[in-house]
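Residue numbers (full-length UniProt numbering): 1 to 306. Here's the structure, in structure tokens; my notes come after.
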């Protein structure tokens with residue numbers, strides 16, 4: 001990047017607050033932090049040394065010392081605080097924090113820090129304030145589910161299934177919340193079905209924490225089998241939706257190699273068939289053969305009906 005006068009001026013205004021926050025910082029560290037050469041940092045420090053309030057007397061100049069590669073600020077004058085963000089920078093930071101909040105709902109400690117920082121950023125002046133429209137992530141049950149995840153407790157939910165057009169009550173072990181395509185989803189272990197399930201949070205009509213812990217579902221998970229899948233990159237949403245059962249993801253040139261631990265093999269078979277040919281089984285070969293036979297049978301039935 002070309003080091004214009006404007007870029008250099010902004011960097012020099014950022015240098016003093018940074019040095020104050022990091023006393024005894026070295027010129028080498030400053031050059032790495034601001035992505036310039038050590039020679040450029042020394043030149044910037046010399047420039048700062050000659051700057052100050054109008055009048056330019058020895059008492060009105062910024063006083064810094066950089067000796068033997070170590071920099072110290074004695075009198076920062078008016079540059080003791082970081083410069084303000086402009087409107088574009090503020091919006092980018094606020095949006096970035098919202099994304100981090102969306103993907104951190106299952107980590108209460110991190111979520112609390114992110115929310116506090118987001119509130120601080122969105123209130124940095126009325127002219128630059130940022131307001132977000134209400135979204136599904138603010139579900140009345142999201143905090144309760146997050147609390148259950150952190151306390152390792154099960155929850156009892158009443159869920160409206162759009163596919164089956166019915167309302168069911170289930171006790172589940174919540175594993176994670178994630179935000180995808182504008183909707184908030186709950187990944188959980190269904191105790192009655194003895195398998196992992198994905199629930200759309202907006203379709204949960206009732207939710208309460210039970211007195212039961214995760215022990216039962218953990219015992220079920222211990223009985224799970226390891227399956228290696230080959231998933232084309234255009235089918236990456238399968239990975240996002242089922243992150244709770246995925247142990248590793250290895251990116252290849254044209255696909256992802258995904259290791260999953262699962263105990264509901266029938267669910268996996270249906271998922272692979274519905275996503276064919278985008279998802280296939282690498283191992284175990286017995287499962288790959290079963291799915292191949294099922295696909296052949298389905299195609300035969302389809303041809304017979306034609």
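Glycine included, C-beta positions come from ideal geometry on N, C-alpha and C.
Exercise. In its own chain, which residues sit with a C-beta less than 8 angstroms from the C-beta of residue 255, not counting the 5 before and 5 after it?
Worked result: 230, 231, 232, 233
For this session: Give the straight-line distance between the Cα atoms of residue 243 and residue 28, rounded to the nearest whole angstrom.
Result: 41 angstroms
For this session: Identify whether residue 254 lies in helix, strand or coil by the three-state DSSP scheme.
Result: coil
Exercise. Within the chosen definition, does the segment 157-177 reach the segment 189-205 through at least 3 CB pairs nearer than 8 angstroms?
Worked result: yes
Exercise. Contact between the segment 276-284 and the segment 200-213: three or more CB pairs below 8 angstroms?
Worked result: no
Exercise. For residue 103 versus residue 178, is the C-beta spacing smaller than 8 angstroms?
Worked result: yes
Problem set entry | First through last residue of the beta strand (DSSP E) which encompasses residue 281 | 279-283
Exercise. Could you check where the alpha helix (DSSP H) with residue 237 kicks off and where it finishes?
Worked result: 237-241
Exercise. Should residue 228 and residue 251 be called a contact, given that it needs their Cβ atoms to be closer than 8 angstroms?
Worked result: no
For this session: In angstroms with no decimal places, state the Cα-to-Cα distance between residue 219 and residue 147.
Result: Confidence at residue 219 is low in this model, with a pLDDT of 49, below 50, so the placement of that residue is unreliable and no value is reported for it.
Exercise. Tell me, which residues are paired with residue 185 by DSSP?
Worked result: 178, 200
For this session: Answer yes or no: do residue 141 and residue 201 have a C-beta to C-beta separation smaller than 8 angstroms?
Result: yes
Exercise. Three-state secondary structure (DSSP) at residue 157?
Worked result: strand
Problem set entry | residue 175 burial status per 10 Å Cβ neighbour count (16 or more: buried) | buried
Exercise. Is it right to say residue 58 is buried, meaning 16 or more other beta carbons lie within 10 angstroms of its own, or is it exposed?
Worked result: Interpretation of residue 58 is limited by its pLDDT of 49, a score under 50 that renders its predicted location unreliable; no figure is taken from the coordinates.
For this session: Give me whichever residues DSSP pairs with residue 167 in a beta bridge.
Result: 160
For this session: Please state whether DSSP places residue 96 in a helix, a strand or coil.
Result: helix
Exercise. Can you round the beta-carbon distance between residue 271 and residue 261 to whole angstroms, since I take them to be within the 8 angstroms contact cut?
Worked result: The pair is not a contact, with the Cβ atoms about 15 angstroms apart (cut-off 8 angstroms).
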